[in-house]
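Chains as they are written, first to last, in the working numbering: chain A, 2 to 357; chain B, 2 to 357. From the three backbone atoms N, C-alpha and C, an ideal C-beta is built for every residue, glycine too. Here the structure is a predicted model, which means the values were calculated and not measured.
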């Protein structure tokens, strides 16, 4: 088992990575303060893994809320199912929520934990590659609004993140690819050596090779932890984690949540960012080609949705959380492994990229 | 103008109290970081005071969201009107919300500020006596759930609280009384001298005498600030601010939000707490009589709703935020000005009080 630490002072927490951790009581117990636990999962993950988690939590009173599966349910109605469950079973401020599932479950269970009785403890148990390498670490929780993704939420850190890599064995290939998109992101924004390693090991990740996977997850979590430690509430640096996300969120919102997987939308958004960085003279054509190649190798899209117009992008990107007093800011690359948040790009170049 | 400070380190903020502050630009400007402001008000308060606030904010781009008026609207649907307004007008993370209204507006605008894009700035401009002496200070924000009051929310501090006592001149007498309930609360939990002063000055408050009102508001805010400074997130001491609230919230939920005013429910809840404290041998019958008398003088109820049964109370109180691992805790009094949070009372005595 690998243990990392997210060092946030009084909000410190560990990330455990390994095989079979789901059913290890000793990983949960130090982080549960009361007698009661609420497992929040979904209709896909629950049948596969809920019993293992319940087994690990045998010494607590455990209730479960099962949510529908999919980004299109990451909204208030579904969030309310968690509040209903907590109140119907009279869960108090001492209750701990265990988020068992992918990014949608983690984001919603985390926001429910942030808001229920103004804040209760929660533990992230991510079961998809995307949530294991990205969304379960760092305390961003949210639901979507019809006009914008992740617009309503909180910065709220978990007490622990328990990553059982065996859960990836049941993950559909399309979801593995979506997770790879966020792994590639770390290489692009900050870790050029890791990017080179990824260029050689994409097949190993796709094939769920245990050692390769574990190294990719560990490196991703460590990179994310470092950035979050430096800038927990996204005052500056943390925004680079949003490479490809301004384009990607626009795509997800435009297509209707759940139509494109988040990782897929981010993949084509990252290539847009690369192409714009090239047009601005910052990234060589060879590097753009390398980025396109690794995304294609990962079975990820490198173009936006057909029929999505420049105006669709502009309208949806105008509410991006990085906008400051009306000015759009994007994460672009000065090189592979060197991302910057900037508003200094020409709108002509942006439109060229968006019209591809 | 009186200025108090809520000392919470990096979350420090001032409370300004005086006549005509609503239209004083210089009180807002230091607390607005961007170019845009969203005023959140309701259909009753907006027509009376929105123009004054807009006048003070003439150098910003100002939008307004007008909510329906009443506790029955303190729910997700109404909260969403704020998010809709912010997103339709493309408000960014740099926007400041100005909460113009009573406790319901402040609680919802504050929770919207806590959650919009994971947190934006807000300023409290309370226009009712209850919100001026209590809910606008201390950073408790929330909406109601059908199964419990204030169950979904955040601890999220405003950047400033601007209390214009002239707004009380348009307040209906019933709402003045509701505010007095929370003022009396400070005397009961911690300020015995203030309680004695209140016994002599209730008529002055009811009559909206400027000096008397200002002293009552200042003393209330100072007491609240002191308690919040000592225990921002209600780990212990802060819970004494909930004197009468466990009973009161049960009454409000049972009757349907908006049927009893919050201050009215708290008033009868405080007398229940006094009576239980007496049955436990902590409070003399004379003190219970003084408490009853000042509530009656304030035109506040001293009994729960007719037809509300012991079981109704128990069911609704079981989700109170002070419950710990299944055990109900109440704020009781060892004397006037000396409140404690305790679970050591007999259920027989509790039932005696509830069955009155």
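Note to self: Can you check which of these residues, 244(B), 223(B), 170(B), is closest to residue 14(B) by C-alpha distance?
What the structure shows: Checked all of 244(B), 223(B), 170(B); the closest Cα to residue 14(B) is 223(B).
Notebook entry, point to check: residue 123(A) CB to nearest chain B CB: under 7 Å?
Noted result: No, because no Cβ of chain B sits closer than 7 Å to the Cβ of residue 123(A).
Note to self: Among 183(A), 315(A), 217(A), whose alpha-carbon lies nearest the alpha-carbon of residue 205(A)?
What the structure shows: Closest by C-alpha distance to residue 205(A), out of 183(A), 315(A), 217(A), is 217(A).
Notebook entry, point to check: Considering only residues of the same chain and omitting the five flanking positions on each side of residue 191(B), which have a CB-CB separation below 8 Å?
Noted result: Within its own chain, the residues whose Cβ lies closer than 8 Å to the Cβ of residue 191(B), once the five positions on either side in sequence are excluded, are 224, 228, 241, 338, 339, 340, listed in chain order.
Next item on the list: Just confirm the distance between the C-beta atoms of residue 181(B) and residue 301(B), as a whole number of angstroms; I'd bet it's less than 8 Å.
Entry: Contact between residue 181(B) and residue 301(B) holds, since their C-beta atoms are separated by about 7 Å, short of 8 Å.
Check: Helix, strand or coil for residue 143(B) per DSSP?
Finding: Reduced to three states, the DSSP call for residue 143(B) is strand.
Check: Within the 7 Å Cβ cut-off, does residue 119(B) reach chain A?
Finding: Answer yes: the Cβ-Cβ gap between residue 119(B) and chain A drops below 7 Å somewhere.
Check: Just how far apart, CA to CA, sit residue 314(A) and residue 290(A)?
Finding: Per the coordinates, the alpha-carbon of residue 314(A) lies some 24 Å from the alpha-carbon of residue 290(A).
Item checked: Cα-Cα separation between residue 150(B) and residue 235(A), rounded to whole angstroms -> If you take the alpha carbons of residue 150(B) and residue 235(A), they lie about 32 Å apart.
Margin query: Since residue 101(B) and residue 46(B) should fall inside the 8 Å C-beta cutoff, what is the C-beta to C-beta distance between them, to a whole number of angstroms?
Written below: Indeed, because the Cβ distance is near 6 Å, the residues count as touching under 8 Å.
Next item on the list: Answer with buried or exposed for residue 52(A), where buried requires no fewer than 16 other C-beta atoms within 10 angstroms of its C-beta.
Entry: Residue 52(A) is classed as exposed because its beta carbon has fewer than 16 other beta carbons within 10 Å across all chains shown.
Check: Mind checking whether residue 244(B) and residue 189(B) have CB atoms under 7 Å apart?
Finding: Contact: yes.
Margin query: Considering only DSSP beta bridges, list what residue 122(A) is partnered with.
Written below: The partner list for residue 122(A) (beta bridge, DSSP) reads 97(A).
Margin query: Less than 8 Å between C-beta atoms, sequence neighbours within five positions excluded: which residues of the same chain meet that for residue 80(B)?
Written below: Answer for residue 80(B): 109, 112, 113, 144, listed in chain order.
Item checked: Straight-line Cα distance separating residue 329(B) from residue 362(B) -> This structure gives no information on residue 362(B), because the portion of chain B shown stretches from 2 to 357.
Check: For residue 37(B), which beta-bridge partners are listed by DSSP?
Finding: The partner list for residue 37(B) (beta bridge, DSSP) reads 62(B).
Notebook entry, point to check: Of the residues 324(B), 59(B), 123(B), 148(B), which one's Cα is nearest the Cα of residue 137(B)?
Noted result: Of the listed residues, the one whose Cα sits closest to residue 137(B) is 123(B).
Next item on the list: Please say whether residue 269(A) and residue 304(A) have beta carbons closer to each other than 7 Å?
Entry: Contact annotation: residue 304(A) and residue 269(A) have beta-carbon atoms nearer than 7 Å.
Item checked: Classification of residue 221(A) by the beta-carbon crowding that lies within 10 angstroms, buried from 16 upward -> Burial call: buried.
Note to self: Between the alpha carbons of residue 154(B) and residue 141(B), how many angstroms are there, rounded?
What the structure shows: So the two alpha carbons sit approximately 8 Å from each other.
Check: Can you give the Cα-Cα distance for residue 44(B) and residue 319(B), rounded to whole angstroms?
Finding: Cα to Cα, residue 44(B) sits roughly 34 Å from residue 319(B).
Next item on the list: Would you be able to state if there are at least three C-beta pairs under 8 Å between the region 161-169 of chain B and the region 21-40 of chain B?
Entry: Judged by Cβ distances under 8 Å, the region 21-40 of chain B makes contact with the region 161-169 of chain B, as three or more pairs qualify.
Next item on the list: Quick one: measure Cβ to Cβ for residue 264(B) and residue 178(B), integer angstroms, because I've assumed they're closer than 8 Å.
Entry: Rounded, the Cβ-Cβ distance is 7 Å, consistent with contact.
Check: Do residue 326(A) and residue 95(B) have their C-beta atoms closer together than 7 Å?
Finding: Taking C-beta atoms as the reference points, residue 326(A) and residue 95(B) count as a pair closer than 7 Å.
Item checked: Three-state class that DSSP yields for residue 151(B) in the structure shown -> Three-state result, residue 151(B): strand.
Check: In or out: residue 152(B) buried (at least 16 other Cβ within 10 Å) or exposed?
Finding: Buried, because 16 or more other Cβ atoms sit within 10 Å of the Cβ of residue 152(B).
Next item on the list: Grab the span of the beta strand (DSSP E) containing residue 1(B) for me, first residue to last.
Entry: Residue 1(B) lies beyond the residue range present for chain B, which begins at 2 and ends at 357; the question has no answer from this structure.
Check: Helix, strand or coil for residue 325(A) per DSSP?
Finding: In this structure, DSSP gives residue 325(A) an extended state, which the three-state scheme calls strand.
Check: So which residues on chain B does residue 152(A) lean against when the C-beta distance must stay under 8 Å?
Finding: Neighbours of residue 152(A) on chain B, chain order: 84, 88, 117, 118.
Next item on the list: Residues of the region 146-177 of chain A with a CB closer than 7 Å to any CB of chain B: list them in chain order, please.
Entry: Residues 146, 148, 149, 152, 153, 154, 155, 156.
Next item on the list: Decide if residue 171(A) is buried, meaning its Cβ has at least 16 other Cβ atoms within 10 Å, or exposed.
Entry: That one is exposed.
Check: What are the residues that DSSP puts in a beta bridge with residue 156(B)?
Finding: Bridge partners of residue 156(B): 141(B).
Check: If the cut is a Cβ gap below 8 Å, which residues of chain A does residue 326(B) touch?
Finding: Chain A residues near residue 326(B): 35, 36, 37, 93, 95.
Check: What is the DSSP secondary structure of residue 306(A), reduced to helix, strand or coil?
Finding: Shown here, residue 306(A) sits in coil according to DSSP, grouped into three states, outside any helix or strand.
Next item on the list: Please list the residues of the region 310-339 of chain B that have a C-beta atom closer than 7 Å to any C-beta atom in chain A, keeping them in chain order.
Entry: The region 310-339 of chain B vs chain A, Cβ under 7 Å: 319, 320, 322, 324, 325, 326.
Notebook entry, point to check: From residue 286(A) to residue 275(A), what distance separates their C-alpha atoms?
Noted result: Between residue 286(A) and residue 275(A), the alpha-carbon positions lie close to 9 Å from each other.
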